[in-house]
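Enquirer:
Protein chains: 4
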Amino acid sequence: MKLGLIGLGKMGYNLALNLMDNGHEVVATDVNDQQVQNIAQDGASPADSIRSLIDNLESPRTIWMMVPAGDITEQVLSELKPLLDEGDRVIDGGNSNYKHTLRRAEELQELGLFYFDVGTSGGTDGARNGACYMIGGDETEFRKIESIFADTAIESGYHFAGRAGSGHFLKMVHNGIEYGMMQAIGEGFDILEKSPFDYNYEQVANVWNNGSVIRSWLMELTENAFSKDAKLDDIRGVMNSSGEGKWTVESALDFELAAPVITMSLMMRYRSQEDDTFTGKVVAALRNEFGGHAVVKK
Amino acid sequence: MKLGLIGLGKMGYNLALNLMDNGHEVVATDVNDQQVQNIAQDGASPADSIRSLIDNLESPRTIWMMVPAGDITEQVLSELKPLLDEGDRVIDGGNSNYKHTLRRAEELQELGLFYFDVGTSGGTDGARNGACYMIGGDETEFRKIESIFADTAIESGYHFAGRAGSGHFLKMVHNGIEYGMMQAIGEGFDILEKSPFDYNYEQVANVWNNGSVIRSWLMELTENAFSKDAKLDDIRGVMNSSGEGKWTVESALDFELAAPVITMSLMMRYRSQEDDTFTGKVVAALRNEFGGHAVVKK
Amino acid sequence: MKLGLIGLGKMGYNLALNLMDNGHEVVATDVNDQQVQNIAQDGASPADSIRSLIDNLESPRTIWMMVPAGDITEQVLSELKPLLDEGDRVIDGGNSNYKHTLRRAEELQELGLFYFDVGTSGGTDGARNGACYMIGGDETEFRKIESIFADTAIESGYHFAGRAGSGHFLKMVHNGIEYGMMQAIGEGFDILEKSPFDYNYEQVANVWNNGSVIRSWLMELTENAFSKDAKLDDIRGVMNSSGEGKWTVESALDFELAAPVITMSLMMRYRSQEDDTFTGKVVAALRNEFGGHAVVKK
Amino acid sequence: MKLGLIGLGKMGYNLALNLMDNGHEVVATDVNDQQVQNIAQDGASPADSIRSLIDNLESPRTIWMMVPAGDITEQVLSELKPLLDEGDRVIDGGNSNYKHTLRRAEELQELGLFYFDVGTSGGTDGARNGACYMIGGDETEFRKIESIFADTAIESGYHFAGRAGSGHFLKMVHNGIEYGMMQAIGEGFDILEKSPFDYNYEQVANVWNNGSVIRSWLMELTENAFSKDAKLDDIRGVMNSSGEGKWTVESALDFELAAPVITMSLMMRYRSQEDDTFTGKVVAALRNEFGGHAVVKK
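Protein chains in written order, with the working numbering: chain A, 1 to 298; chain B, 1 to 298; chain C, 1 to 298; chain D, 1 to 298.
Laid out in C-alpha cells, this is it:
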C-alpha cells in the first residue's frame, strides 16, 4: 500500500527501505533535506514538507511518524492534525510515553482520526531487515493496514496488543526488562573481571550462547562487543538512558509494585553518570565525625 | 572412550544416554539400584558400588561425578580418593562452590590425581541432547578427555576456562546472571499484570521472542509457561534457590563490588519464601508509634 | 495573633490547642461539627463553615489549613480563593506534593495572596507539645507571622527554607529519609530474629538508645513498641505508605539520581502489601521449565 | 578493680583514661612504646609486653583487648593463651566477626578461661566519656566484672545480651543499621542538592534535629559536618567500610533474609570506591551494539 513516512533518521530511513523492499509505496519527508534526497534516490517519493506529504496521499491516508518522542512528536502532530481528513490514520513509531499516547489518541479520535502506537524493537538492523512491533489502537482499522507491519517485521514479529496506549506501554516494559537483563550481564562480567581467574570474555559469552540458560540476543551482542575490544579498555562505563526505563519504574510506583531489579538497573545508570556523589560526601563526613575515619580530600 | 559415571539423577541419567549415543562406553553407579538397572538396560555397564565401578575401569581412569553439590560430593570424593591411582581424573559436574573446588583440586593434586570442575547448563534437556559446559582444570590433561565434552555438548557448547575452580566459578556467575534476567522478566510481566491494559502474556512473550532486543531462551520458556497456564493462576510465587545465586553475591561482597541487580534478585527470592516479615512488623509498629497509623492485626 | 484553622483532625486539633496555649486566638472549622464543638469548649471560636471562618477574621487574614493533601486541600483552596482579600495568607500544613504547591502558590500570587507551605513533623504529639516545621513562602511576609510557628514549635524547631515549595519539598525528603531509617531498623531486628541468639528486643533498643551511633527518636519508638509487645506477635508486617516516600523516589528519578536505599525502603512497603506476586509466579514457572524444579501449587 | 588492657589506639587509650577516672586500676601495654609511656604518665601501670602485663595481675585476671579485629586479635590471643590461668577472663572489645568469636570462646572454654565479646559503640568520644557496650559471655562471670562496663558506659549504656557471640553479633547488626541510616541521610541531602531549591544544609539538619521524626545522633553529626564545610566541597564521596556491614549482609544471606536497604547501603560504598565500572562498560557497549548509541571514549 501507499503511505507517508515522517522522519528519516537511523530508524526511519531503514524502515523506508524495508517497506519499499516489500512492495509498499513510500512518500517520505524529513527536516533534513539531504535525507529526503537520498531516500528519493532509493525509490521513495520525496516530500519537502509535511503539507506536501499529505497532498501526495489520498484519504484515508496512513502516516507513519518515526521521529523522536516528546516535543518533536508533539510538534509533528500539531502540524498534522489540521491537514488530515476524517478516517486518516497516524502511526507513532517512536518511544512515546504511553500517558502521552493515551491523551493523543483521544485528541485524534475527537477529530475522527485513528491513532496507532507502535513500539518498535530490534534496533536499526531490525528496522531494515525485520523489526519487532508492539501495536495498540483500533483493531478493525488495524486489520486494514496490518500488511505494512506484517511485511516489515521479522516472522511472527508483530503483535496487536489492544487499545491505544497498550503498544507503547508494552514497548516501555520491554525496555525495562532490557535494562535489567543488561545490568545482570554487566554485573556478571564485572564479577569475572574481579575474580582470581583469567577469563577470555569473548569465549565466555560464546559458550553462554551455546546451550546455556542465559543464551540470548543480548549475550550475542556481548560476544560481538568483546570480539572488538577484548576488555572494553577503550570505553568508559557511562550508561545513558532515554526514558523508557524511567517510565517503567514510574509505572511500578504508580501501581505500588516492587520492581527492584528494573529500578536498580536504572539507578546504576544514573550513578554511572556522576563522577562523585553528594550522598558519598555526606556518608564520608559522618564516618569522619563519629569514628575519626579519614576522608579523601579533593 | 570408556568412563565411569557416578550419579543417575535427572542430569546424570540423561548425560549417560547422551554419552552412549555418541559412542562412549559408560560404567555407571548410583545409590538408587533401580536407576542402575535402568541404565544397564539402556546400554551402560552397571556397577553396584563405587568400588565396583573403579574395578571396571583401567587406569588412567576418568570418573564423572553427577551428584548434588555439598555433602554428597564431599562423601563421594572421600570414598573415591583411596581407590584411585595416580593419573586418574575426576570430573565434578555438579554446582559446587568454587572455593570447595579450589580445596578439592589441591587435595587431589597432592595424590597425583586430576580434578576437573565442569559447570553444566542447559537443564535436563541439555544433558540429554546437548549441554553447555564451563570447564576448569589442567589443560594438557583436558585435551585427552575433550571428546566426552565435545560430543555431548551442543555445538560450540563447551569452554575450557582455565585452572581448577574457573569452571565452577563461571557456572556460578552464569546462574547469578540467570537470577537477574529471570527477576527482570518477572517484574516486567508483573507491571503488565497491574497495568490498565489487558494483555495476552503468551502472545506478548511470543512477539518478544521474534526480533526484540530481549529475545532469549528464558523468554521462550516464559512463552511455554504461559501457553500452559495463561495467568499462572495455579501456582504460588514462591521462588526457591539452590546456592549459586547466594555464592555469586558473596563473591561480589568478597571483591567489594556493587552487584545490586543480582543481589536484589536473590533477596526477592528470600522475601517470597516468607508469608510475613519481622522487618515489616517493626516498620508497621513504628508508624503506629509516631503517627497513630493503624496496624494490621493478626 | 488571631488566625483561622481549617481542619480539626488528629494534627489540627492538637495544633489548635498548642496555638491557644501560646496565647494565639483561633477561629476553627471542620467538616465534622462535633470536632468544632469540642474545640469551642477548649477555647476556640467555632465556625460552621469556611465562609463563616473568613467572616470572623479581619484582613490581612492568616488561614492555616490542616487537611489531608490532595483532593481535599484542592477543594478547600477552591472554596477559599473567592472569599479572600488581597494580602491574605494561606498556610498549607499538610503533606502536599511540592509540585502542587508550586502551582498553587503561583495561582494565589496572581490573586495577591500569600501561600506558605509548611511541612510538619513530630507526629500528633509534636503538634500538641512542640512540632517541627519546614516552611516555604515569601520571607518578608513570613516574618510577620513567624510567631505562630515559633510559639508552637519545639525550641529551634522551625526553619524558613526559602521560596514556596521548599517547605513541602524538605518535608518530603525528610519522610524519604525516615523510610530508609525505619527499613534499616526493621531489617536489623529481622536479622536478630533469625540469628542463633535469643535477644530481648526492648533491651536491645534500649542499649542502642544509650550512647550508640544509631541512637535516635525512631529507636526510642522501637523501644516503646517492644515494651508493649515483646516480639510484635500481635501485628502483621504490612507497611503502608502515604505518598511522600513515592514522591521522594520520583524526585530522585526526575533528577537522574541514584537513591537505592530510599527507593528499596518504599518498594519493600509495596511488597509487604501483597500476599503473593506475579513476579514470583513467573520466576517459579521458569525454574520449573528449565530445571524441573517443583512449584508450589495454590 | 584491677585489670589489664592490651591496645592503646584511639579507642583503647580513651578507655584506659575512662577506667581510671572511675577508680579502676589499669595495667596497660601496646606495641607502640610511646603510647605505653604516655598512659603511664596518665596514671596506668605500664607493661612492656603481654607477658609482663600478665605478671602484673593476679589470677583470676581480667584482660581487656582493644586491638583491631582479625589477624591482630588472633595473634594477641595466641600469645595470651599459654600465659593465662584457669578462671582468667579475656574481653574482646574489638569489632570481631561473631563466627570467630564463637570459635575463640570455645577454644578458651576448653582451657578453663572465660571469653567476653564486647561490641563497643559511641566512637572515640564514647570510649572516653561514656561508651555503649553490647556484651556476650558467661552471665555469672559477667556479674563479677560488671562494674568495669557499668562505670565506663554512659548511663544505661551496656547490655548483657547472652552467650558468647551475641555481643559481637549485636554490634555487627548495629553497624548494619548504621550503614542504612547513613545512606538514607546521604541520599536525602543528595536529593536536596539536585533540587530546584537552595537549602542551607546546616540549618536543615538543625531543624531536623529539633522535633522531627528523624532526629538522631547521626543527624547531629550531619549538622556538625555541614557547620564546618557548608557544601562538603573539600572532600570526595568515597565511602570506605571496615567489615561489619559486609558481615551483616552475609548473615542476612546465611539466614535467607531479604535486607535490601542494609545491602544497598554497603554496595553503594563499594561503588563509591571505583572511578569506573566494568559493569558500566558492558552495558555501554551493549547499547552501542543494538542501538548505535554513542559510547564515552576514554
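For each residue, glycine too, the CB sits at the ideal point set by N, CA and C. On a predicted model such as this, the values are computed, not experimentally measured, just so you know.
Check whether the segment 80-100 of chain C touches the segment 160-174 of chain C, taking contact to mean three or more Cβ pairs, one atom from each stretch, closer than 8 Å.
Expert: yes
Enquirer: Output yes if chain A places a C-beta closer than 8 Å to the C-beta of B:W208; else output no.
Expert: Closer than 8 Å to some Cβ of chain A, the Cβ of B:W208 qualifies, so yes.
Enquirer: Output the distance between the C-alpha atoms of B:K298 and C:A184, rounded to the nearest integer angstrom.
Expert: Their backbone Cα atoms lie some 23 Å apart in a straight line.
Enquirer: Shorter than 8 Å from the beta carbon of A:Q273 to some beta carbon of chain C?
Expert: yes
Enquirer: Could you tell me if A:E193 is buried or exposed, where buried requires 16 or more neighbouring beta carbons within 10 angstroms of its beta carbon?
Expert: buried
Enquirer: Who are the Cβ neighbours of A:I54 in its own chain at under 6 Å, not counting the five residues just before and after it?
Expert: L83
Enquirer: For chain B, find out if any of its Cβ atoms is closer than 8 Å to the Cβ of C:G157; answer yes or no.
Expert: Chain B contact via Cβ: absent.
Enquirer: Do C:I50 and C:V76 have their beta-carbon atoms positioned less than 8 Å apart in this structure?
Expert: yes
Enquirer: Let me know if D:P196 comes out buried or exposed under the rule of 16 or more other beta-carbons within 10 Å of its beta-carbon.
Expert: exposed
Enquirer: Tell me whether D:D71 is buried or exposed, calling it buried when 16 or more other Cβ atoms sit within 10 Å of its Cβ.
Expert: exposed
Enquirer: Might you give, ordered along the chain, the residues of its own chain that have their beta carbon closer than 8 Å to the beta carbon of C:T263, omitting 5 neighbours on each side?
Expert: Counting only residues of its own chain and dropping the five nearest sequence neighbours on each side, C:T263 has a CB closer than 8 Å to the CB of V249 and A252.
Enquirer: Would you mind working out which of C:P46, C:Q37, C:D88 and C:E178 sits nearest C:P60, comparing C-alpha positions?
Expert: C:D88
Enquirer: Going along chain C, which residues have a C-beta under 9 Å from D:K2?
Expert: Correct list: empty, because the minimum Cβ distance to chain C is about 25 Å.
Enquirer: Could you tell me which uninterrupted alpha helix (DSSP H) segments, each at least 4 residues in length, are contained entirely in the segment 180-266 of chain A, listed from first to last along the chain?
Expert: The DSSP assignment places 201-208, 217-228 and 244-254 as complete runs of the alpha helix (DSSP H) inside the segment 180-266 of chain A, in order along the chain (cut-off: 4 residues).
Enquirer: Measuring CA to CA, which of C:D117, C:V90, C:E244 and C:I63 is closest to C:F160?
Expert: That would be C:D117, whose Cα lies nearest to the Cα of C:F160.
Enquirer: Kindly indicate which three-state DSSP category B:P46 falls into: helix, strand or coil?
Expert: strand
Enquirer: Identify which residue in D:Q41, D:L8, D:G43 and D:L17 has its Cα closest to the Cα of D:N32.
Expert: D:L8
Enquirer: Using the rule of at least 16 other Cβ atoms within 10 Å of the residue's Cβ for burial, across every protein chain shown, is B:D190 buried or exposed?
Expert: buried
Enquirer: Would you call the CB atoms of B:I63 and B:V90 closer than 8 Å?
Expert: yes
Enquirer: Chain B partners of C:R236, CB-CB under 8 Å?
Expert: Think of a sphere of 8 Å around the beta carbon of C:R236: the chain B residues whose beta carbon falls inside it are D276, G280, K281, A284, V295, V296, K297 and K298, in chain order.
Enquirer: So, does the CB of B:Q109 fall closer than 8 Å to a CB anywhere in chain A?
Expert: no
Enquirer: Establish whether the CB of D:N129 and some CB of chain A are separated by less than 8 Å.
Expert: D:N129 does not count as touching chain A.
Enquirer: Can you pull the DSSP bridge partners for B:G4?
Expert: B:V27 and B:I63
Enquirer: List the endpoints of the continuous beta strand (DSSP E) containing D:R89.
Expert: First-last of the beta strand (DSSP E) with D:R89: R89 to D92.
Enquirer: Starting from B:E155, follow the beta strand (DSSP E) in both directions and report where the run begins and ends.
Expert: Here the beta strand (DSSP E) through B:E155 covers A153 to G162.
Enquirer: To the nearest angstrom, report how far apart D:I214 and C:M181 are at their CA atoms.
Expert: 8 Å
Enquirer: Could you give the distance in angstroms between the alpha-carbon of C:M1 and the alpha-carbon of C:E25?
Expert: 6 Å
Enquirer: So, for C:E141: in the same chain, excluding its five sequence neighbours on each side, which residues have a beta-carbon less than 7 Å away from its beta-carbon?
Expert: R89 and F114
Enquirer: Rounded to the nearest angstrom, how far is the Cβ of B:A205 from that of B:E223, given a contact under 8 Å?
Expert: Contact between B:A205 and B:E223 is confirmed by a C-beta separation of about 4 Å, below the 8 Å threshold.
Enquirer: Check the Cβ of D:A69 against every Cβ in chain C and list those closer than 8 Å, keeping chain order.
Expert: Ordered by position in chain C, no residue passes the 8 Å Cβ test against D:A69, which lies about 17 Å from the chain.
Enquirer: Are the Cβ atoms of A:G167 and A:I135 separated by less than 8 Å?
Expert: The answer is yes: Cβ separation under 8 Å.
Enquirer: A:H174 touches chain G at which residues, Cβ-Cβ below 8 Å?
Expert: Here the protein chains are A, B, C and D, and chain G is not one of them.
Enquirer: Check the Cβ-Cβ distances between C:L57 and every residue of chain A, and say whether any is below 8 Å.
Expert: So no, C:L57 is outside the interface.
Enquirer: From C:M65, C:A294 and C:L19, pick the residue whose C-alpha is nearest to that of C:G130; which is it?
Expert: C:L19
Enquirer: Answer with yes or no whether the minimum CB distance from C:M268 to chain A is below 8 Å.
Expert: yes
Enquirer: Kindly indicate the opening and closing residues of the beta strand (DSSP E) around B:V118.
Expert: F114 to S121
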